[in-house]
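Enquirer:
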Amino acid sequence: MDTILVINAGSSSLKFEVFAVADTLARQIKGKMEGIGTAPRLSIRNVGGDQLAQEDYPCELVADLPSAMRLVGQWLHGRIEGRLIAVGHRVVHGGPNHAGPVKVDDSLLRELEWYTPLAPLHQPNNLAPIKVLLERQPDLAQVACFDTAFHRGHDPMADHYAIPTRYFEEGVRRYGFHGLSYEYVAGRLAEVAPDVAGGRVIVAHLGSGASMCALREGRSVESTLGFTALDGLPMGTRCGQIDPGVLLYLLEQHGLSARQLQDLLYKESGLKGLSGISNDVRDLLDSEAAGATLALDHFVHRIGLNAGALAAALSGLDAFVFTAGIGENSPAMRERIARKLAWLGVSLDVERNNAGELLVSSDDSKVKVFVIPTDEELMIARHTFALIAAGGAEPAGTPQLYA
Ligand code: ADP
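Each residue of the sequence shown is one higher than the one before, counting from 226 in our numbering.
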């Protein structure tokens, strides 16, 4: 049996999944190391949901991503049944040239390192496991799957900033992110609601990172995210859209360094900064503090404004899809957002929404509203398998991951 390993390395977590390659891709193992550098915990389950491992580690033992990879690799070693044919990685930034997944080599790695300043919280972590594997197992096929790729079909006009065009040529442009999630959701929508999937759809990926994407005939035509993963909606700790004049003010009047500004915008802003309480919507929903109310009201308000802009890009709206942590799990937030979108023709069915059904709009809603759980890892596994199958990459033989 052939298998594919999917790695999604974030700032404080390392998620991984193993898929068996059969007639379809079958998920076998799903695990994550969370709290890297703070309170490391490894948990691994099989496809039936049985716990295969659950272990807390001392902070010093899993201080960073490479040490997390080593431990995960040791656990996987000998447990991956069959032949590991490839590793698929989530890479947040693929730049302007990649509209699809790419097989990794040294020169691609160097190219992707160039985009680190554009996604400082994500890109170095995404690239770290690729680098380790390239060094230790150069014959193992690796595939980089980009969060930007799905948006590469935009009209270039939409991806410009209104600054001199020489900066666009240099790469200062709108890229859009969460593309693996949008691609997966667009595919699922085509399966479950083919009547609307070919029309005008907004997908709201509302997790700790949050954005929305306008789909026409299943393709991305606009995104709320731009040059970096800071734009658009306010997120757990990221600011979302902000007047650049605010940044000039902070630089000039508060004497903030570029690094301090980066930390402020990426780590101290969004729901956390506004509420002064938490970046987690569950905490804010449970709180009666004024900051919690402000943060959630602002979040819903900005989603409403951005949905209006995306609906304008589509010249109307046939369906709205909720996905990711908040979108999939919070009937209360879906209800609040749907009320904001009532003018567009959105009306929820209370019972369907509370039950988290696939279709949560009422029968008379002009816009159909869906809840579709995203599956970025499956998307990565599909891309990886398709590329390897098409390219005839050499299988690596026995897995010796990081061992
Ligand atoms: P990411 O993959 O970007 O880390 P997720 O898509 O897993 O994020 O979403 C995580 C966020 O989802 C949490 O920070 C929390 O705010 C929100 N969330 C998860 N479950 C719920 C819930 N039941 N109600 C409200 N919000 C939730």
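By construction, the Cβ of each residue, glycine as well, lies at the ideal position given by its N, Cα and C atoms.
Given this structure, state the Cα-to-Cα distance separating Ala628 from Gly465, to the nearest angstrom.
Expert: Confidence is the limiting factor: at Ala628 the pLDDT is only 30, short of 50, which leaves the residue's position unreliable and the question unanswerable from this model.
Enquirer: Does any heavy atom of the ligand ADP sit closer than 7 Å to the C-beta of Val410?
Expert: For the ligand ADP, not one heavy atom lies less than 7 Å from the Cβ of Val410.
Enquirer: Taking a cut-off of 5 Å, which residues have a beta-carbon closer than that to any heavy atom of the ligand ADP, in chain order?
Expert: So the residues near the ligand ADP by this Cβ test are Gly432, Ser433, Gly434, Asp505, Val506, Arg507, Ala549, Gly550, Ile551, Asn554 and Ser555.
Enquirer: Around the Cβ of Leu530, are there at least 16 other Cβ atoms within 10 angstroms (buried) or fewer (exposed)?
Expert: Per the 10 Å Cβ criterion, exposed.
Enquirer: CA-CA distance, Gln625 and Val316?
Expert: Caution applies to Gln625, whose pLDDT of 37 falls short of 50 and renders its modelled position unreliable; the value that the coordinates give is listed next. Their Cα atoms are separated by approximately 22 Å.
Enquirer: Would you call the CB atoms of Phe610 and Leu343 closer than 8 Å?
Expert: For Phe610 and Leu343, no; Cβs fall outside 8 Å.
Enquirer: Using CA atoms only, rank isn't needed, just tell me which of Ser482, Glu416 and Cys438 is closest to Arg425.
Expert: When each option's Cα is compared against that of Arg425, the closest is Cys438.
Enquirer: Alpha helix (DSSP H) containing His526: first to last residue?
Expert: Residues Ala515 to Leu539.
Enquirer: Out of Asp574, Val246, Gly260 and Ala520, which one is the CA nearest neighbour of Ala288?
Expert: Minimum Cα distance to Ala288 is reached at Gly260.
Enquirer: In the DSSP assignment, what are the bridge partners of Asp281?
Expert: BP columns for Asp281 point to Arg266.
Enquirer: Check Glu493 in the structure and name its three-state DSSP category.
Expert: In this structure, Glu493 counts as coil in the three-state DSSP scheme.
Enquirer: Cβ atoms of Val446 and Ala538: under 8 Å apart, would you say?
Expert: Yes, these two residues count as a Cβ contact at 8 Å.
Enquirer: Considering only their Cβ atoms, is the gap separating Leu230 from Lys257 smaller than 8 Å?
Expert: No, the Cβ-Cβ distance between Lys257 and Leu230 is not below 8 Å.
Enquirer: Taking only the alpha-carbon atoms, compute the straight-line gap between Cys284 and Val421 and give it to the nearest angstrom.
Expert: Distance between the alpha carbons of Cys284 and Val421: 49 Å.
Enquirer: Taking C-alpha atoms, which residue in Val585, Ala580, Asn579 and Gly581 lies nearest to Ser572?
Expert: For the residues Val585, Ala580, Asn579 and Gly581, the minimum Cα distance to Ser572 belongs to Val585.
Enquirer: Just verifying my parser: in three-state terms, what is the DSSP assignment at Arg425?
Expert: DSSP places Arg425 in strand when its eight states are reduced to three.
Enquirer: Taking the beta strand (DSSP E) that Asp508 falls in, what are its first and last residues?
Expert: Run containing Asp508: none in the beta strand (DSSP E); it sits in the alpha helix (DSSP H), Val506 to Asp511.
Enquirer: Across the region 546-556 and the region 484-493, are there enough close Cβ pairs to call them in contact, namely three or more that are closer than 8 Å?
Expert: With a cut-off of 8 Å, the region 484-493 and the region 546-556 do not count as touching, because too few Cβ pairs lie within range.
Enquirer: Between Gly320, Lys492, Val357 and Glu360, which lies nearest to Phe393 when the distance is taken from Cα to Cα?
Expert: Ranking the options by Cα distance to Phe393, first place goes to Gly320.
Enquirer: Tell me the rounded alpha-carbon separation between Ile232 and Glu306.
Expert: Roughly 17 Å separates the two Cα atoms.
Enquirer: Mapping DSSP to helix, strand and coil, what is Tyr627?
Expert: Interpretation of Tyr627 is limited by its pLDDT of 35, a score under 50 that renders its predicted location unreliable; no figure is taken from the coordinates.
Enquirer: Is it buried or exposed for Ser332, if we count other Cβ within 10 angstroms and need 16 for buried?
Expert: Exposed: under 16 other Cβ atoms inside 10 Å.
Enquirer: Can you look up Leu352 in the DSSP assignment and give me helix, strand or coil?
Expert: Three-state DSSP puts Leu352 in a helix.
Enquirer: Looking only at its own chain, which residues have a Cβ that is under 7 Å from the Cβ of Glu408, when we skip the five neighbours before and after it?
Expert: Here the set comprises Phe375 and Met604.
Enquirer: Below 8 Å between beta carbons: does that hold for Leu499 and Leu481?
Expert: Cβ atoms of Leu499 and Leu481: not closer than 8 Å.
Enquirer: In its own chain, which residues sit with a C-beta less than 7 Å from the C-beta of Val428, not counting the 5 before and 5 after it?
Expert: These residues qualify, in order along the chain: Tyr407, Val410, Met437, Cys438, Leu440, Val546 and Thr548.
Enquirer: Would you identify the three-state DSSP class for His376, choosing helix, strand or coil?
Expert: Looking at His376 - three-state DSSP - the assignment turns out to be helix.
Enquirer: Per DSSP, which one or two residues make a beta bridge with Asn322?
Expert: Answer is none; Asn322 lacks a bridge partner.
Enquirer: DSSP puts Ile229 in a beta bridge; with which residues?
Expert: Per DSSP, Phe244 and Ala311.
Enquirer: Do you know offhand how far Arg308's Cα is from Glu582's?
Expert: When rounded, the distance between both Cα atoms is 38 Å.
Enquirer: Grab the span of the alpha helix (DSSP H) containing Leu475 for me, first residue to last.
Expert: Element bounds for Leu475: Pro469 to Gln478.
Enquirer: So which of Ala264, Leu267, Asp227 and Pro265 has the shortest CA-CA distance to Arg252?
Expert: Minimum Cα distance to Arg252 is reached at Asp227.
Enquirer: Compare the beta carbon distance of Gly378 and Leu450 with 8 Å and say whether it is the shorter of the two.
Expert: Result no, Cβ atoms of Gly378 and Leu450 do not sit closer than 8 Å.
Enquirer: Are the beta-carbon atoms belonging to Leu510 and Gly461 less than 8 Å from one another?
Expert: Against a cut-off of 8 Å, the Cβ pair of Gly461 and Leu510 comes out as no contact.
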